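What follows is a set of notes on a single structure, which appears directly below.
Numbering (my numbering), first residue to last: 217 to 680.
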């Protein structure tokens, strides 16, 4: 959202970010850096969670899904302070995360249009609509193992086990399920949606979403490309533990020789799964950088492992400067959980990917990367779920090794993936440049809001 705020502000729009106080330290360095040279600086308005939630005021401070789901429930209590901010600022539009549906209702009460932001892509939204519209899961025969998603521009087939089954959800997810339900209920009240994607990446699905589904949306991405300077990339998202060491380590490696593994801010693998990843990476013989979160102690590391991989592999515990790593000349492949921000950052860096979806819409993103764009290799994740809270099959070391070898190899299929993603990288850059598809679509949105405001003002004058 900060990157998107920067895009609006760079076009001369007055922008105010409203967020919880716990996010202050995470985003202020980025905002300060932007404001130091901006003609239209971004304002920051902080609101506070109830005192009982003060100790976990942002997602990065939460260590379990139970906490995250509870946090989503708690954030809904901010409707009153948000209402006060709107009455004070009187904005012409509210852009808010789709998982903050109460912001739509508060905005409507103040006569302000709300545009939702979903950290996903047009393909995933079209795929989800296909499933729900055609009741793909409910209409399956009990013995069926695969699901075909009808009505889409491409033939899309998924394993039944890769799709979220509401009847089998862990009870700890109930708060999040309620948020999703609420978001769908207010969808018809939204003015539209901004999407972190670009037209050339998924033209068939932009058109399908707009013309077949009849929904209003603007593609404005890749938003991460607003961070051009190294310092902008380094301060984005948090403080790195070992970031400088990592970049120096990469400097010593050959171009495109290193595989980078990161499974997002909410990944939570079991110790058994971490061990399999470690063994598979070592067996692949590729130099690697592996970001590991939410692991206490060293018991998951195989005996003698760190000594054996010295000089060949680097493990970062916590947060890493992902944009800097992805764009480093030594990195040649990306093993990803298929979260959309990470996937699009990989595309923007020109990296082929090995896909390891976990939950949310990530299995749909895998189909986009592997089947539609043909820039990905599936590692073998076959079951939707939360890794630390459910008994899920472990992806074995052999599958990890095979995927990394295919990703980093010199075979024709690997070269073709590199060629495709290299072309997409250039398209992404052109999309956000002046005159590009995303640059123009953001301009279309701003112009539409300007005209809406002018029309509302003229109507008021006529009434008086």
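The beta-carbon is built from N, C-alpha and C at its ideal position, and this holds for glycine as well.
Keep in mind that this is a model prediction, so the values were computed, not measured.
* Have a look at residue 423 and residue 304 and give me their C-alpha separation to the nearest angstrom. => When the Cα atoms are used, residue 423 and residue 304 turn out to be separated by approximately 38 Å.
* Cut-off 6 Å between Cβ atoms - residues of its own chain near residue 332, not counting five sequence neighbours on either side -> 314, 406 and 409
* Beta-carbon proximity of residue 341 to residue 379, cut-off 9 Å -> When the beta-carbon positions are compared, residue 341 and residue 379 stay at least 9 Å from each other.
* At which residues does the beta strand (DSSP E) containing residue 478 begin and terminate? -> For residue 478, the enclosing beta strand (DSSP E) stretches over residues 474 to 478.
* Based on the DSSP secondary-structure assignment, which residues constitute the bridge partners of residue 435? -> 411.
* Asked: With a CB to CB cut of under 7 Å and the five nearest residues on each side skipped, what residues in its chain are close to residue 297?
  -> 263
* For residue 671, is the classification buried or exposed, using 16 other Cβ atoms within 10 angstroms of its Cβ as the cut-off for buried? -> exposed
* Thinking just about the alpha-carbon of each residue, which of 655, 524 and 242 is nearest to the one in residue 442? -> Relative to the Cα of residue 442, the nearest Cα in the group 655, 524 and 242 belongs to 655.
* Selected residue, minimal CA-CA separation from residue 599, among 225, 404 and 574 -> 574
* Does DSSP classify residue 506 as helix, strand or coil? -> Here DSSP, grouped into helix, strand and coil, assigns residue 506 to strand.
* Asked: To which residues of the same chain is residue 580 closer than 6 Å at the C-beta, ignoring the five residues directly before and after it?
  -> 340 and 343
* Backbone secondary structure at residue 224 - three-state DSSP -> Secondary structure at residue 224: helix, using DSSP grouped into helix, strand and coil.
* Using three-state DSSP, classify residue 381 as helix, strand or coil. => Of the three classes helix, strand and coil, the one that applies to residue 381 here is coil, per DSSP.
* Of all the beta strand (DSSP E) runs that stay within the bounds of the stretch 294 to 353, which reach a length of 3 or more residues? -> 310 to 313 and 330 to 334
* Cβ shell of residue 679 (< 8 Å), same chain only, five flanking positions each side left out -> Residue placement at residue 679 is flagged as unreliable, the pLDDT there being 46, under the threshold of 50; a coordinate-derived value is accordingly withheld.
* Candidates 307, 475 and 287: closest to residue 619 by CA position -> Among 307, 475 and 287, the Cα nearest to that of residue 619 belongs to 475.
* Can you tell me whether residue 337 is buried or exposed, with buried defined as 16 or more other CB within 10 angstroms of its CB? -> buried
* Which residues mark the beginning and the end of the alpha helix (DSSP H) in which residue 373 is found? -> It is not in any alpha helix (DSSP H) - residue 373 instead sits in the beta strand (DSSP E) that spans 372 to 375.
* Asked: Among 640, 261 and 289, which one has its Cα closest to the Cα of residue 299?
  -> 261
* In this structure, does DSSP put residue 619 in helix, strand or coil? -> helix
* Within 10 angstroms of the Cβ of residue 293, are there 16 or more other Cβ atoms? Answer buried if so, exposed if not. => exposed
* **Paired residues, beta bridge with residue 259 - DSSP** => 232
* To do: Have a look at the DSSP bridge pairing and note the partners of residue 533.
  => 508
* Residues bridged to residue 570 [DSSP beta-bridge criterion] -> 551 and 593
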